[in-house]
Amino acid sequence: MGNSQIQSLFDFPHMIDSEDAARADFLRREIERHNRLYYEEATPEISDTEFDRLQHELATIEEAHPELAHEDSPTRRVGGRPIEGFSPTRHREPMLSLDNTYSIGEVVAFFQRVAKALGTETVPFVIEPKVDGVALSLLFESGKLVHAATRGDGTVGDNITENIKTIRSIPQSLPEEAPDLLEIRGEIFLPRAAFESINNAREAAGLDPFKNPRNAAAGSLKQLDPKEVAKRPLDAVFHGFGAISGALPPTYSAALGLLTRWGFRTSDRLWFASDANGILDAINKLDAFRSSLPYDTDGAVIKVDSFADRQRLGATAKSPRWATAYKFSPEQAETRLLDIIIQVGRTGVLTPVAILEPVALSGSTVSRATLHNQEEIHRKDIRIGDRVVVEKAGEIIPAVVRRAGGQRSGSERIFLMPETCPSCGGAVFKAPGEVAFRCENASCPAQLRRRIIHFASRGAMDIEGIGDALVNQLVDAGLLKDIADIYRLKPAELVKLERMGEKSAANLVAAIEASKTPPLDRFLFALGILHVGKSAARTLAEHFRSLDAVAKASPEELRKIPDIGEIVAASIHGFFQSSANRELLQRLADNGVQPPPFNAAQRDAALVGTTWVLTGTLPRSREEVTEYLRNLGAKVVASVSSKTTHLLAGDDAGSKLDKARSLGVRILSWSDVEELFRKQR
Ligand code: IVH
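Here the working numbering is used: the first residue of the sequence shown is 14, the next is one more, and so on.
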C-alpha cells in the first residue's frame, strides 16, 4: 500500500450512515490484512500507532452502530466484554499428552518400536520444537470459531474463547476449503522479551513476578476481563488436530502447510528424518536453533508424518504411539556465589538462599537460587565466593548444583547457619536428627508473613488476593500482627496501600468475609500446626468433628488415631496448649471465624463446586429438587451464565436449554439426576 493510500484512509471525511457499513467493512478487511502482514509475513506496511488508529475508527463505528459489529470483528480482539468465569467445555476428541524420552537410547527404542509396528525399515518423521506454553484447542464449525478451550483434564477444559479472541495472530474463521468441523490444537505462549518487561513492571508495582513465560501466559489467560488479556502480547503456535469431519492432506507436514495458508502460526522450523540417526541429527540441530526462538522450548517432538501410519499405530489411553517428546536436560550456567542469605519459613525453618552474580539462564536472568540446607552445602563443599553451576528445570526455582572447577583464591568463606534468627534475633535451634534449623520465636515477623500467606492460601482459607506483596505491606504498616487481624481489615485502611484501589479493597474485604466458615479440615490445615498437612488435618476433622474436641485431645487420644504418630500428636497437643495460640483462636472466633461441625458427607458431597439451573417441567417440585441438590453441595441459581456447570432440563425446556448448549454447559435429564441421587444414598 502506497503512502497516498494510507493518507486517504485516515483523512476520511465525516461519514453519513449509509457509508458507515461500507467503511466498517473496509476497515475490517484492512485490519485483517495488516494482521496477516504483521504476524504471518513479518512485513508490516504501517506502524503500530497507525494500526491502532484503524482499530479505533472501526470500534467507534461499531459503538455508534451496534448492528454493524460482527461477532468476529477484529475489534473483539483488543478486549470485549468481561466474562463472568470460565465454563467447562468438552473437547470433541480428548487432548492426549506425549510420552517423554530423556536419552538417545530411548529415542532409538521409540524409532524401533514404530518401524517394527509398521513393518518397515524407514519411517518418515517430522521433528519440531516442543513449545513450553499453555495447551489450547480451537473448535471450528462451518469455518467459524465456535470456542477455544484449555486442556483441562484432557476431556473437559475451560472455555477461554473471549480471551483467545484478543490474540491477533489467531484466525477466527477458516476458508471454504476447510473441513466443516475441525479442532485445531496448539500452544499459547508469551514471548520471552514481553515476559521480562511484564515482570519488571510487576516488580516496580510491588507485585510478585511470574516465575517463567509459561506461568505468565497461563496467568494472563486466567484473567476474566479480556481487556486485561489484550494488554499481554500473547501468541500461539499450532501443531495438531483433534476431531475432523472431512479429509486433510495425507501428511502432517502438508497439513501444516494448509494451516499456515489459513493464517495460523505453526512451528518456526521443521526437520525431517526417516531413521534413528536422522532423528538424533535433527534433535541436535533443533537444540542449537531453539535459543533463537521467541518462546521457551523444553524438548523436541518427534512425530510420524503420515496420517495413515498414525492411524495404524494408534494410541494408549494417555498418549499416541506415533509421537514422543525428547526432553532436553535443564540448562546450566556458571556464575559466582556472592553470598548466602537466610529465609525464615512459616514454621521457623531457616533456609539458606544463594545470592549469585546475575547470569543468563534459560531465557531469564538468575540472581538467586536454592541451596536446600547447611548439610547439603557442606557435602558439596560450596563456599561463599566460589564459582558455582546453577540449573533451572522448567518452573522450578534455580538450584545450585555444584561447585564449578577451577582454583580458589583463598578468600572463600565456609557457610555456617547463624545462631540467631536474622528476622527477629531470637535463638535458633536444631532438633537432634533433623537437618533443619529453626527460629522458635512464635512472633517472629518473618514467620508471621509466611504464616499469613499460608493461612490465606488455596486449600487453606482460600482468601483470594492475599499474596506476598500485600502481606509485606500489611505487616510493615502494622495492620497485621497475627492472622486474626485479617478479619479486622477495613476498606479505608486498605485503600491507603500502594496499588490498592477502592474496588480491589472491597473485593478483598468480601473475600475475607466469605472465608469465615471454613470446613474444619481446611481450618486446621490453615493454622499451620507443625507436621499437620492437608491429610493429617482431614484425619483430625473426621475423628474429632469439632475444633473444640481437637483442642481438648490429649496426646494419648491423638496417638490412637491411625496415621498420627508420636511427633505429630505432640505437635498438635503443644499447639493447643500454648496460651498464645489459645488467645489467637479466641480472637479468630471473636471476629466471626468459626469452622462449623465437620460433616464428611457435606464436605465431600458429590456436587460441591457445581452450579445448577433447573428448567422445564420436572416430575417433582422445584423446591424439592433444589433442596436435594443443595444437600449434595450444589449451588442452584435461576439463570444460565458462564458460571453454570449443569442444567437439569425437564420437559418442554426452552431458551435456557439453548443458552446452556451454546455455553457448553453439561445438560442432564431427569433420569440422569435420579441416577445421581440413587448413587448418593
Ligand atoms: S503434538 C497427542 N507438538 O506438549 C498430543 N505437542 O507434553 C500431540 N506440545 O499435549 C501433541 N509443543 O500440548 C505436539 N510441537 C508440539 C508441541 C506439543 C508443545 C505440548 C502439547 C502436548 C504436550 C505434551
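We put the beta carbon where it would ideally sit given N, CA and C, even for glycine. Since the model is a prediction, treat every value here as computed from it, not as a measurement.
The straight-line gap separating the alpha-carbon atoms of isoleucine 197 and serine 655 is approximately 23 Å. Between tryptophan 275 and proline 188, the C-beta spacing is below 8 Å.
The residues Thr530, in chain order, have a CB closer than 7 Å to that of proline 609 in the same chain once the five nearest residues on each side in sequence are set aside. Within the same chain, Cβ atoms closer than 6 Å to the Cβ of valine 362 are found at Ala449, Arg451, the five residues on either side in sequence being excluded. Placement of the Cβ of alanine 336 at a distance of less than 7 Å from at least one heavy atom of ligand 1 is found. DSSP places phenylalanine 254 within a strand segment (E or B) once states are collapsed to three.
It is roughly 26 Å from the alpha-carbon of threonine 133 to the alpha-carbon of glycine 270.
Membership of glutamate 370 in the beta strand (DSSP E) is indicated by the continuous run 362-374. Looking only at Glu43, Ile173, Lys298, Ile395, the smallest Cα-Cα distance to aspartate 238 is reached by Ile173. Per the C-alpha coordinates, the member of Thr630, Arg215, Leu81 positioned closest to glutamate 32 is Leu81. Going by C-alpha positions, alanine 673 is about 56 Å away from glutamate 389. About 5 Å separates the CB atoms of valine 653 and lysine 669; that is less than 8 Å, so the two are in contact. Boundaries of the beta strand (DSSP E) around proline 101: 101-103. With fewer than 16 other beta carbons inside 10 angstroms of its own, lysine 509 counts as exposed.
By the Cβ-count criterion, arginine 471 is exposed, with fewer than 16 other Cβ atoms from all chains shown falling within 10 Å of its own Cβ. In the DSSP assignment, valine 242 falls within the unbroken alpha helix (DSSP H) covering 239-243.
With a cut-off of 8 Å on Cβ pairs, the segment 524-541 is in contact with the segment 492-510, counting three or more such pairs.
Secondary structure note for threonine 273: it is in no beta strand (DSSP E), and the uninterrupted alpha helix (DSSP H) holding it is 265-274. The closest heavy atom of ligand 1 lies less than 7 Å from the beta carbon of serine 332.
Taking all protein chains shown into account, tyrosine 115 has fewer than 16 neighbouring C-beta atoms within 10 Å of its C-beta and is therefore exposed.
Straight across, the Cα-Cα distance linking threonine 163 with alanine 249 is about 13 Å. Assignment of isoleucine 183 by DSSP, reduced to helix, strand and coil, places it in the coil class.
If you draw a straight line from the Cα of proline 431 to the Cα of alanine 583, it is about 27 Å long.
For proline 226, the shortest C-beta to heavy atom distance toward ligand 1 is 7 Å or greater.
Here histidine 104 is buried. Its C-beta has 16 or more other C-beta atoms within 10 Å. Nearest C-alpha to leucine 429 among Asn454, Asn386, Gly629, Ala231: Asn386.
Residue pairing by DSSP puts threonine 630 in a beta bridge opposite Asp664. Shortest gap from the CB of methionine 474 to any heavy atom of ligand 1: 7 Å or more.
Leucine 109 has its Cβ nearer than 7 Å to a heavy atom of ligand 1. Counting only residues of its own chain and dropping the five nearest sequence neighbours on each side, serine 375 has a CB closer than 6 Å to the CB of Glu344, Lys405. Closest option to glycine 146, judged by alpha-carbon separation, among Leu203, Arg426, Arg42: Leu203. Per the coordinates, the alpha-carbon of threonine 383 lies some 12 Å from the alpha-carbon of leucine 350. Annotated three-state conformation of histidine 467 is helix, per DSSP. In this structure, ligand 1 has no non-hydrogen atom nearer than 7 Å to the beta-carbon of glutamate 404. In the structure shown, threonine 552 falls within a helical segment according to DSSP collapsed to helix, strand and coil. Note that the C-beta distance between valine 441 and arginine 462 is not below 8 Å.
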